[in-house]
Each structure stands twice: as structure tokens, then as C-alpha cells.
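Below is one structure, written out as C-alpha cells; the observations come after it.
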Ligand SMILES: [Zn+2]
């Protein structure tokens, strides 16, 4: 059946979300085919991963700065300024831990710090890591080996 001009104008032209090709039929699909769909998904995935990669670089840099400052000792006190001068970013940490005294240690993976008075920072290596690694492994197994 031929459509009148009025009917044609009322139809909204739906186009593929990737290539812009006019979509045929009245189904509610958003792309011509799977290749267009996966092209869009890849772009989204790259955008998501970009921010993760950037934050991971900052976290790794923070970790490296602590690790290098510690060398072979397990704790050391350094000036906050010195860390900042080396590129340490106090806004990026992976997790924190509060001890019985209510002191809050911030961590960048397995290395951490506690801010002290007078612009000093106590740097530490996570000494309870063995126990935590077991817990991390169990958690990961539970999440991904189902
Ligand atoms: Zn397309």
C-alpha cells in the first residue's frame, strides 16, 4: 500500500547509532547489524578504560614513591612537601585502614601512609598482606569462578 505524503512525514526516520544508515522496518533495533553494535560498544569500552588507566597510573606512581622512599625498611617518616615535590597525589588511594588508636592509614595498593603533625608523613608497607592476599583470592574466586 502506498503511503501518503502526510503519512511519510509523520514517520520519524530512524538511523543506525553507529553508521547513520536509515534503519528499515519498525522493530526497535538501534543498529543495522552486529558489527555496528559492537563498534559502538568498543568505543564505550575504550572511554571507560581510559579513566581507569589514568587513575591506575596515578595510584602506581604514588605506590612507587612510597616504595622507593622506604627502600628496605618497613616504616619511615618523610616531609609531606617532599612527597608532593616527587609527584605524590594525596587524592588518589585505593583503600584505608583505621587502627585501634583511631589513626587512619591511607593505602596505594600494598603501600600506605599516615599523615602526622607538622607536615610529616609516616610511610609504611602493608605487613598484614599475606592474610589479605588470601582473602582477596577467595573474594576473586567467588566473583569470577562461578
Ligand atoms: Zn550501521
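Numbering (this note's numbering), first residue to last: 260 to 405.
Think of the CB as a built atom: it goes at the ideal place given N, C-alpha and C, for glycine as much as any other residue.
Give a yes or no on whether the C-beta atoms belonging to residue i and residue j are separated by under 8 Å.
{"i": "residue 380", "j": "residue 372", "result": "yes"}
{"i": "residue 344", "j": "residue 335", "result": "no"}
{"i": "residue 290", "j": "residue 318", "result": "no"}
{"i": "residue 355", "j": "residue 368", "result": "no"}
{"i": "residue 320", "j": "residue 346", "result": "yes"}
In three-state DSSP terms, what is residue i?
{"i": "residue 304", "result": "helix"}
{"i": "residue 295", "result": "helix"}
{"i": "residue 273", "result": "coil"}
{"i": "residue 384", "result": "strand"}
{"i": "residue 379", "result": "strand"}
May I have the straight-line CA-CA distance separating residue i from residue j, to the nearest angstrom?
{"i": "residue 307", "j": "residue 314", "result": "11 Å"}
{"i": "residue 384", "j": "residue 304", "result": "34 Å"}
{"i": "residue 278", "j": "residue 311", "result": "28 Å"}
{"i": "residue 299", "j": "residue 404", "result": "29 Å"}
{"i": "residue 296", "j": "residue 280", "result": "13 Å"}
{"i": "residue 357", "j": "residue 287", "result": "52 Å"}
{"i": "residue 301", "j": "residue 276", "result": "13 Å"}
{"i": "residue 363", "j": "residue 382", "result": "12 Å"}
{"i": "residue 348", "j": "residue 376", "result": "18 Å"}
{"i": "residue 392", "j": "residue 294", "result": "41 Å"}
Residues in the same chain with beta-carbon distance under 6 Å from residue i, minus the five sequence neighbours each way, listed in chain order, please.
{"i": "residue 339", "result": "378 and 380"}
Taking residue i as part of the alpha helix (DSSP H), name the residues at either end of that continuous run.
{"i": "residue 331", "result": "It is not in any alpha helix (DSSP H) - residue 331 carries neither H nor E in the DSSP assignment."}
{"i": "residue 340", "result": "339-344"}
Identify, in the order they occur along the chain, each residue of the same chain with its Cβ nearer than 8 Å to the Cβ of residue i, setting aside the five sequence neighbours on each side.
{"i": "residue 386", "result": "333"}
{"i": "residue 324", "result": "342, 345, 346 and 347"}
{"i": "residue 337", "result": "328, 379, 380 and 382"}
From which residue to which residue does the beta strand (DSSP E) around residue i run?
{"i": "residue 366", "result": "363-367"}
{"i": "residue 371", "result": "370-374"}
{"i": "residue 357", "result": "354-357"}
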